[in-house]
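Trainee: Mapped onto the numbering used here, the consecutive letters of the sequence shown carry residue numbers 25 to 349.
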Amino acid sequence: MTKAILVSRTGGPEVLELKDVDPGKPAKDEALIAQTAIGLNFIDVYFRTGLYPSPAGLPFTPGNEGAGRVLEVGEGVDWLKPGDRVAYAGPLGAYAEQRVMPADRLVKVPDGISDEQAAGMMLKGMTAWYLLRRTHPVKPGDTILFHAAAGGVGLIAGQWAKHLGATVIGTAGSADKVELALAHGYDHVINYREQDFAAEVKKLTAGALCDVVYDSVGKDTYPGSLDCLRPFGLFVSFGQSSGPIENFNLGLLAQKGSLFATRPTLFTYIAKREDLETAASELFGLVASGVIDIQVNQKYALAEAGRAHSDLEARKTTGTTVLLP
Ligand SMILES: NC(=O)c1ccc[n+]([C@@H]2O[C@H](COP(=O)([O-])OP(=O)(O)OC[C@H]3O[C@@H](n4cnc5c(N)ncnc54)[C@H](OP(=O)(O)O)[C@@H]3O)[C@@H](O)[C@H]2O)c1
């Protein structure tokens, strides 16, 4: 038997319970891995509370990001062998010492990137990849606004967007977070708990506003985010840390300058193996070359997953957080 977190009923952090489980044997096209580090993500909160239903129903093991070593492979998996160091983003089931998963979701981790970094950056880093390289390919001359700049996705995205040549404006919820984001690619960071971020963006851009707003905060930042966009600009709503946007008024897109809006998710962008490989290799390349620094700023034992969730929801974390089995 091994240990895993099980959620038997949706609710607060207390529903994350460490239990004995049998991880099972890998079937065809699957691999069994022993995990050395697990990434914490805000999406884990949405599954825990039931905002996103678990596809397998209850009970389920949460978590979408991890790294470790291959223990055993099933039939048909000829490109992996026991001992290989691997990492992944999705599917659900990461909060475990060991897990069986589809082998085609795994990528090999290059030397020079630690297990903790890999576990903490696969989901967040590949999210930054698709947002900046696919949803809107960021280029020199672009001005972008990225909310929650000091968070897991935010710190990676700031460095990546700067590398792509954009003027990068961020928002963050404390003076310390503002400083941290400024040290990770952002040209300007607005403390949106103290200042009206839309008015500040107008000032910082001398009225020219932004080409794209990447908004993962949701309820508290909508519709202010739309006021930060120039005509024909793109509103990318990719999360809801403060609560979901309800009753999205499509008419606002016309009123605020023929804007575009999208609500993307990583799992569509990496559904094809070739896209997963492109995303991972671009991310690993930039981390290995030092363009992107992965800040593993919090570590918790797997058994303390509930405390990790409480801290994430209370806005106490910055950068990446890992759970250690
Ligand atoms: N669609 C996708 O493909 C995708 C993929 C990955 C992540 N996401 C989304 O991206 C966002 C960031 O994910 P992450 O894991 O890197 O988390 P994170 O940014 O490290 O943590 C969330 C941050 O949101 C900010 N926030 C603002 N209002 C909040 C509130 N009322 N409650 C809690 N936090 C609040 C906080 O930063 P401040 O204190 O600085 O405001 C907090 O630190 C999440 O919304 C997540 O769901 C989406």
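Backbone N, C-alpha and C define an ideal beta-carbon position, used for all residues, glycine too.
Since the model is a prediction, treat every value here as computed from it, not as a measurement.
1) Cutting at 6 Å between CB atoms, please list the residues of its own chain near Asp13, excluding the five before and the five after it.
2) Could you tell me the alpha carbon to alpha carbon distance between Thr292 and Thr229, rounded to whole angstroms?
3) What separation, rounded to the nearest whole angstrom, lies between the Cα atoms of Lys201 and Lys105?
4) Taking 8 Å as the cut-off, is the C-beta of Gly182 nearer than that to any heavy atom in ligand 1?
5) Please identify the residue among Thr73, Leu348, Gly114 and Ala152 whose C-alpha is closest to the C-alpha of Arg33.
6) Note down, in chain order, each residue of its chain lying with its Cβ closer than 6 Å to the Cβ of Asp335, except the 5 sequence neighbours on either side.
7) Between which two residues does the beta strand (DSSP E) holding Gly362 run?
8) Just to confirm the assignment, what range does the alpha helix (DSSP H) spanning Leu277 have?
9) Return the chain-ordered list of same chain residues with a C-beta closer than 8 Å to the C-beta of Glu96, the five sequence neighbours on each side being excluded.
10) Assuming Lys340 is part of the beta strand (DSSP E), what are its boundary residues?
11) Ignore the nearest five residues each way along the sequence and tell me which others in Ser78's own chain have a CB closer than 7 Å to its CB.
12) Could you tell me which residues DSSP puts in a beta bridge with Pro126?
13) Within the same chain, show all residues whose beta-carbon is closer than 7 Å to that of Val94, passing over the 5 residues directly before and after it, in chain order.
14) In whole angstroms, give me the CA-to-CA distance for Val377 and Gly136.
15) Which residue's Cα is closest to the Cα of His208: Lys227, Gly175, Phe221 and Gly98?
16) Please indicate yes or no: does the CB of Leu147 lie closer than 8 Å to some heavy atom of ligand 1?
17) Determine, using beta carbons only, whether Gly257 and Val237 come nearer to each other than 9 Å.
18) Is Glu337 a contact residue of ligand 1, with contact defined as CB to any heavy atom under 8 Å?
19) Quick one: measure Cβ to Cβ for Gly92 and Asp139, integer angstroms, because I've assumed they're closer than 8 Å.
20) Do you know offhand how far Gly275's Cα is from Pro247's?
21) Taking the alpha carbon of Met146 as the point to measure from, which residue in Ala332, Thr302, Leu326 and Ala325 has its own alpha carbon closest?
22) Given a cut-off of 9 Å, decide if Val31 and Val39 are closer than it, judged by their beta-carbon atoms.
23) What residues match up with Ala113 in a beta bridge as DSSP calls it?
24) Is the beta carbon of Pro247 within less than 8 Å of some heavy atom of ligand 1?
Mentor: According to the structure shown:
1) Residue 13 lies beyond the stretch modelled for the chain, which goes from 25 to 349, so this question has no answer here.
2) 33 Å
3) 42 Å
4) no
5) Thr73
6) Thr341
7) Residue 362 lies beyond the range of the chain shown here (25 to 349); nothing can be said about it.
8) Note, Leu277: alpha helix (DSSP H), Gly275 to Gln279.
9) Lys49, Pro50, Ala55, Leu56 and Pro106
10) Looking at the DSSP string, Lys340 is not in any beta strand (DSSP E), and its letter there is neither H nor E.
11) Phe71, Phe84 and Leu116
12) Glu54
13) Ala55, Ile57, Leu104, Lys105, Pro106, Gly107, Asp108 and Val110
14) Only positions 25 to 349 of the chain appear in the structure, and residue 377 is not among them; the question remains open.
15) The shortest Cα separation from His208 among Lys227, Gly175, Phe221 and Gly98 belongs to Gly175.
16) yes
17) Result yes, Cβ atoms of Gly257 and Val237 sit closer than 9 Å.
18) yes
19) 7 Å
20) 12 Å
21) Thr302
22) yes
23) Glu89
24) no
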